[in-house]
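What follows is a set of notes on a single structure, which appears directly below.
Residue numbers (the numbering used here): 56 to 239.
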């Protein structure tokens, strides 16, 4: 079996997108390690302590500086910086998994983060009350937004402005395992 490098398959600047719970951050971290590249977590660049959002101009400045690097892997779906990230990307990996897969993964991650007090970014932590008993629940957000997120990403990818990008749309986790196993 022929084994290609990740750079041969995807290039050296990769944007990982998908629904909450799909595994964007995990994949981006793994790819960044394989590429010896910078891992850019767009959530980390957007949130301040207390779950407050940073001013958009500050976020755009920081994202622009981050994607100016020669090698990086970015994860996240922030539309307000899509032009910056995709404008420098060589490829997009779209984890287009079913609602059931994303919900199961997100539930597991949310329980772990709440139980262990695991930090998300910038001192922010998820808690049981918010995640299971409020309208701010990420699980509820996923249920409401999964289809819209899929449509938004699909429409954006179909935009002629991004035709030069290599797009790997993976619909099942086993497809990702295959891509990773066939590459160095």
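Idealized CB from N, CA, C, for every residue including glycine.
Query                                                                                                          : Result
Best match in 114, 93, 188, 128 for proximity to residue 134 [C-alpha to C-alpha]                              : 114
Rounded C-alpha distance that separates residue 224 from residue 84                                            : 18 Å
Local conformation of residue 201 per DSSP, three classes                                                      : helix
Proximity below 8 Å, CB of residue 222 to CB of residue 129                                                    : no
Bridge partners - residue 73, DSSP secondary structure assignment                                              : 150
Three-state secondary structure assigned by DSSP to residue 111                                                : helix
Simplified DSSP state of residue 176, which is helix, strand or coil                                           : coil
Complete alpha helix (DSSP H) runs within the stretch 78-110 (minimum length 4 residues, chain order)          : 79-90, 97-101
Buried or exposed by the 16-neighbour rule on C-beta atoms within 10 Å, applied to residue 79                  : buried
Pair within 8 Å by beta-carbon distance, residue 86 and residue 62                                             : no
Inter-residue CB distance, residue 194 and residue 161 (contact presumed, cutoff 8 Å)                          : 6 Å
contact_flag[the stretch 170-179, the stretch 98-113] where n(CB pairs < 8 Å) is 3 or more                     : yes
Spatial distance of residue 191 from residue 76 (CA atoms)                                                     : 16 Å
Same chain, Cβ closer than 6 Å to residue 89, five either side skipped, listed in chain order                  : 61
Contact set for residue 183: own chain, Cβ-Cβ below 6 Å, skip 5 residues either direction                      : 169
Residue 195 in three-state terms, based on DSSP                                                                : helix
Three-state secondary structure assigned by DSSP to residue 141                                                : helix
Buried versus exposed call for residue 116 [16 or more other C-beta atoms within 10 Å across all chains shown] : exposed
Neighbour-count burial assignment, residue 216, 16 or more Cβ in a 10 Å radius                                 : exposed
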